[in-house]
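Residue numbers (the numbering used here), protein chains in the order written: chain H, 468 to 948; chain V, 339 to 656. Ideal Cβ placement from N, Cα and C applies to all residues, glycine included. None of the values given here were measured: they were computed from a predicted structure. Heads up, the thing below is written out as structure tokens.
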């Protein structure tokens, strides 16, 4: 008799979702003046969760004005230690309301509660704590004496880690004395709107944080707004390029954190069982909706069979289903559009001759679902080895020597992250110095910490978030007036 | 399932001399400590409720080696324990009996008589338990006496001193000798992982014990801290899984020491389920070495049946 796990759903009652949400401007929720409201749904059931306002150009203008007023009137005049106090307060409230935030994140995004509870929310709180500490120590950040804030930051974040990306953006901006207008993704606005309530609860001065909801048009209006000093964007390379074009020639500063096609490289002396865990965590964490996902597995040919056998065996134990069930490993794909993209690229992979494999896996009837999928027999020239799929799809390639591993890993327009698995420390260092990626993980994957800078090479973007380096994107260069 | 480059195990080859055995054991894939502990921590978050909790509790009860290993043990104490082992909850005859009663060798006769044909087996610790610091002659005599007195299972300790100083062949030969001396009883080999210090050592010791013919590998004596931990269990489960892939022979696993609550025991069972699967989910292949765990399981079992906690006064102390 098998050991089946009875359903263990986290209760939804901890979170109070309103029927409709306005825009958070100047410390208050206000109605949009010129947008068309849209609905946000739960991707695991397609149930409508709430109606959300779309910020049009005049709403964006109001938000930027509120941020400017708060910058000149309050926030830039506040003592650094006082800014730190607000950030510590926000961090503590995020911790206190962790369960609420986790449930809401899983509902709106489709990710398993285990991840929102154990990764997204605690890491978001950790970012606020970390940057709270920097607020009154900026003189020691290596940015010159008394580094000055830029002013108003326009921040646009993706749907894969809604609250965590919000924390990555807002915490360093506020610590350095900027005010922000943040736009969450249109499919996942709810935790940002709950965060707006947290700002109220923390008595954050009105206008320091403004949250405006909407899709691409709203984001574009924010990027184009003349009174924004800085754009911070995390999302696709395509949109990142459009933003770079838009702000070219203006005084605006920009940091971009874009796509990736990371190589996860397994050498024959790797700790195999942990490497298999790392491969699983690398590509199936958050349904593969991770810009630094280890979507290309490079296995040394001498351990190929062993690694693939272990990997297939491990994939059979993954539990796909209700994101709110505490035992779920793989949740829902975030949207119908993303599901279509994953299907399209997977079909192309098959058409190009790669072998497709998924563990036996029953997909729920409603919502957007895609089984964990492996492609073997993938060549470097396959589209599934080149293009970012942003889903639970792993392309497996092989190599023979460290040089070949480096060449294949770097043979991509992206350069966000990479993983190296070996028991040999010298090989880790040798690889890390040759891999053109912003983050190289050794014997682990997808580990995030506020003290560690994160960002890309090449088409994965520029600028760093996290760590001391993450402050640099929000202060004036010494040459700036 | 094929295991690719996992070493094909030929006993004669790898145990020809100490150097061959060392080469083999040190050629096993390493264990990354951070990764193994992270995996164990993740599996600990599994939430086992309602019907699956009921199933797990009964399964765990049936896997218990109910243990008393004190200098103060007496025939009376052992008889009480045996009564408990046969009928853990007199108020509910549907409660399964435990797998075995585990005692010192001199109390095997008492346990054998008390257990009769109940199906509960008698396990005896032997080989100068818990330290293993005695001559091979003494260890073998200890083992033979316990078997002669009616022990169905022998829990031996390995010579950790020999293992840590790299005398693998000595450890191997001692296990082989004890295996021969304990036949037809089942042999459980205690690695005392708390003294082995690294997960790499745990994996090597596990393979060594399996190569030498151990029927079970067991974490601890219960006399050393740390005893059974989840990452150690993970490494041992991976070892029995790989050993079966490699040789076709299935070996059981027994964590022992420090597992006191139902919650903790269920975490162990989850780890079995998700690492080696159903093939090991039976008292034939997985045991818990425990003394106080049983009462917490009974308390939880009653709670699930009646909807309320009765309290420790309603659970017999033996």
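| message | Please confirm whether residue 469 of chain H has its beta-carbon closer than 7 Å to some beta-carbon of chain V. | response | As a first step, residue 469 of chain H is located in the first chain; it is residue number 2 there, counting from the start. Closer than 7 Å: yes.
| said: Checking 7 Å against the spacing of the C-beta atoms, do residue 370 of chain V and residue 878 of chain H come in under that value? | reply: Position 32 of the second chain, counting from 1, holds the residue named residue 370 of chain V. Position 411 of the first chain, counting from 1, holds the residue named residue 878 of chain H. No; because the gap between Cβ atoms is not below 7 Å, this pair is not in contact.
| chain H contact for residue 657 of chain V (CB, 7 Å cutoff) | Given a span of 339 to 656 for chain V in the structure shown, any question on residue 657 of chain V remains unanswerable.
| message | Counting only Cβ pairs nearer than 8 Å, list the residues of chain H close to residue 533 of chain V. | response | Sequence index remark: in the second chain, residue 533 of chain V carries index 195 (1-based). Going along chain H, no residue has its Cβ under 8 Å from residue 533 of chain V, so there is no contact; the nearest lies around 22 Å.
| Contact check, residue 547 of chain V vs residue 558 of chain V under 8 Å by CB: the rounded distance? | Here residue 547 of chain V refers to the residue found at position 209 of the second chain. Here residue 558 of chain V refers to the residue found at position 220 of the second chain. That pair is no contact at about 13 Å.
| field | Those residues which DSSP pairs with residue 884 of chain H across a bridge | value | Looking up residue 884 of chain H in the first chain gives position 417. Answer is H/906.
| According to the neighbour-count rule (16 or more other Cβ atoms, all chains shown, within 10 Å of its Cβ), is residue 519 of chain H buried or exposed? | In the first chain, counting from the first residue as 1, residue 519 of chain H sits at position 52. Buried.
| task | Please name the residue in V/353, V/493 and V/392 whose C-alpha comes closest to that of residue 644 of chain V. | result | Reading the second chain from its first residue, position 306 is the one you call residue 644 of chain V. Cα-wise, what sits closest to residue 644 of chain V is V/392.
| query | Could you give the distance in angstroms between the alpha-carbon of residue 871 of chain H and the alpha-carbon of residue 768 of chain H? | reply | Residue numbering aside, residue 871 of chain H sits at position 404 when the first chain is read from its first letter. Residue numbering aside, residue 768 of chain H sits at position 301 when the first chain is read from its first letter. The straight-line gap from Cα to Cα measures roughly 11 Å.
| field | Extent of the continuous alpha helix (DSSP H) to which residue 615 of chain V belongs | value | Residue numbering aside, residue 615 of chain V sits at position 277 when the second chain is read from its first letter. Where residue 615 of chain V is concerned, there is no enclosing alpha helix (DSSP H), given that its DSSP letter is neither H nor E.
| field | 7 Å Cβ cutoff met for residue 387 of chain V and residue 569 of chain H | value | As a working mapping, residue 387 of chain V is identified with position 49 in the second chain. As a working mapping, residue 569 of chain H is identified with position 102 in the first chain. No, the pair does not count as a contact, with Cβ atoms beyond the cut-off.
| task | Identify, in the order they occur along the chain, each residue of the same chain with its Cβ nearer than 6 Å to the Cβ of residue 933 of chain H, setting aside the five sequence neighbours on each side. | result | Position 466 of the first chain, counting from 1, holds the residue named residue 933 of chain H. Only 917, 919, 920 and 921 meet the Cβ criterion.
| Are residue 526 of chain V and residue 561 of chain V closer than 7 Å when you measure CB to CB? | As a first step, residue 526 of chain V must be located in the second chain, where it is residue number 188. As a first step, residue 561 of chain V must be located in the second chain, where it is residue number 223. No; because the gap between Cβ atoms is not below 7 Å, this pair is not in contact.
| How should residue 469 of chain H be labelled, buried or exposed, when 16 other C-beta atoms within 10 angstroms of its C-beta is the threshold for buried? | Mapped onto the first chain, residue 469 of chain H falls at position 2. It counts as exposed.
| Residue(s) in a DSSP beta bridge with residue 863 of chain H | Here residue 863 of chain H refers to the residue found at position 396 of the first chain. BP columns for residue 863 of chain H point to H/764.
| query | What residue range is occupied by the uninterrupted alpha helix (DSSP H) comprising residue 483 of chain V? | reply | Against the second chain, residue 483 of chain V aligns to sequence position 145. It spans 474–486 - the alpha helix (DSSP H) in which residue 483 of chain V sits, taken as one unbroken run.
| task | Evaluate the contact criterion for the segment 640–656 of chain H versus the segment 725–740 of chain H: three or more CB pairs, one atom per stretch, below 8 Å. | result | no
| field | Assigned secondary structure, residue 516 of chain H (DSSP; H/G/I helix, E/B strand, else coil) | value | In the first chain, residue 516 of chain H corresponds to position 49, counting from 1. Strand, per DSSP.
| message | Along the segment 590–620 of chain V, where does the CB come closer than 9 Å to a CB of chain H? Name the residues. | response | 607, 608, 610, 611, 612, 613, 615, 616 and 619
| field | residue 677 of chain H, enclosing beta strand (DSSP E) - first and last residue | value | Within the first chain, the letter at position 210 stands for residue 677 of chain H. First-last of the beta strand (DSSP E) with residue 677 of chain H: 676–678.
| said: Between residue 412 of chain V and chain H, is any beta-carbon pair separated by less than 7 Å? | reply: Numbered from its first residue, the second chain carries residue 412 of chain V at position 74. With 7 Å as the cut-off, residue 412 of chain V does not count as an interface residue toward chain H.
| Taking 7 Å as the CB-CB cut-off, is residue 653 of chain V touching chain H? | As a working note, residue 653 of chain V is residue 315 in the second chain. Residue 653 of chain V does not count as touching chain H.
| request: Please check if any C-beta of chain V sits within less than 7 Å of the C-beta of residue 794 of chain H. | output: For this step, residue 794 of chain H is matched to residue 327 along the first chain. Interface residue, yes.
| field | Contacting positions in the segment 358–389 of chain V - beta carbon closer than 7 Å to chain H | value | 367, 368, 369, 370, 372, 373, 374, 377, 383, 384, 385, 386, 387, 388 and 389
| Boundaries of the alpha helix (DSSP H) in which residue 942 of chain H is found, first to last residue | As a first step, residue 942 of chain H must be located in the first chain, where it is residue number 475. Here residue 942 of chain H belongs to no alpha helix (DSSP H), and DSSP marks it neither H nor E.
| task | Could you check what DSSP says for residue 461 of chain V in three-state terms: helix, strand or coil? | result | Within the second chain, residue 461 of chain V is the residue found at index 123, counting from 1. If DSSP states are grouped into helix, strand and coil, residue 461 of chain V belongs with the strands.
| task | At 3 residues or longer, and completely inside the segment 485–545 of chain V: list those beta strand (DSSP E) runs for me, N to C. | result | 491–495 and 524–528
| request: Write down the C-beta distance between residue 536 of chain H and residue 621 of chain H rounded to the nearest angstrom, noting that I regard them as a contact closer than 8 Å. | output: Looking up residue 536 of chain H in the first chain gives position 69. Looking up residue 621 of chain H in the first chain gives position 154. In fact, because the Cβ distance is near 15 Å, the residues do not count as touching under 8 Å.
| Out of H/913, H/912 and H/903, which has the shortest C-alpha to C-alpha gap to residue 929 of chain H? | Counting from 1 along the first chain, the entry for residue 929 of chain H is found at position 462. Residue 929 of chain H has its Cα closest to that of H/903, out of H/913, H/912 and H/903.
| query | Which word fits residue 636 of chain V, buried or exposed, when buried means at least 16 other C-beta atoms lie within 10 angstroms of its C-beta? | reply | Here residue 636 of chain V refers to the residue found at position 298 when the second chain is read from its first residue. With 16 or more Cβ atoms within 10 Å of its Cβ, residue 636 of chain V is classed as buried.
| query | In whole angstroms, what is the alpha-carbon distance linking residue 341 of chain V and residue 381 of chain V? | reply | As a first step, residue 341 of chain V is located in the second chain; it is residue number 3 there, counting from the start. As a first step, residue 381 of chain V is located in the second chain; it is residue number 43 there, counting from the start. Note that residue 341 of chain V scores 41 on pLDDT, short of 50, meaning its location in the model is unreliable; the coordinates nonetheless yield the value given after this. Between residue 341 of chain V and residue 381 of chain V, the C-alpha separation is close to 24 Å.
| In whole angstroms, what is the alpha-carbon distance linking residue 576 of chain H and residue 791 of chain H? | On the first chain, residue 576 of chain H is found 109 positions in, with the first residue counted as 1. On the first chain, residue 791 of chain H is found 324 positions in, with the first residue counted as 1. If I take the Cα positions, the gap works out to 11 Å.
| request: Spatial neighbours of residue 600 of chain V within its chain, please: CB distance less than 7 Å, with the 5 preceding and 5 following residues excluded, ordered by chain position. | output: Position 262 of the second chain, counted from the start, is the residue given in the question as residue 600 of chain V. Excluding residues within five positions, the ones whose Cβ falls inside 7 Å are 395, 634, 635 and 638.
| message | If we require 3 or more residues per run, which beta strand (DSSP E) segments fall completely within the segment 538–572 of chain H? | response | none
| Going by C-alpha distance, which of V/397, V/570 and V/613 is nearest residue 594 of chain V? | Position 256 of the second chain, counting from 1, holds the residue named residue 594 of chain V. For the residues V/397, V/570 and V/613, the minimum Cα distance to residue 594 of chain V belongs to V/570.
| task | Taking residue 487 of chain H as the reference, give the member of H/585, H/808, H/600 and H/498 with the closest Cα. | result | Your numbering for residue 487 of chain H matches position 20 in the first chain. Ranking H/585, H/808, H/600 and H/498 by Cα distance to residue 487 of chain H puts H/498 first.
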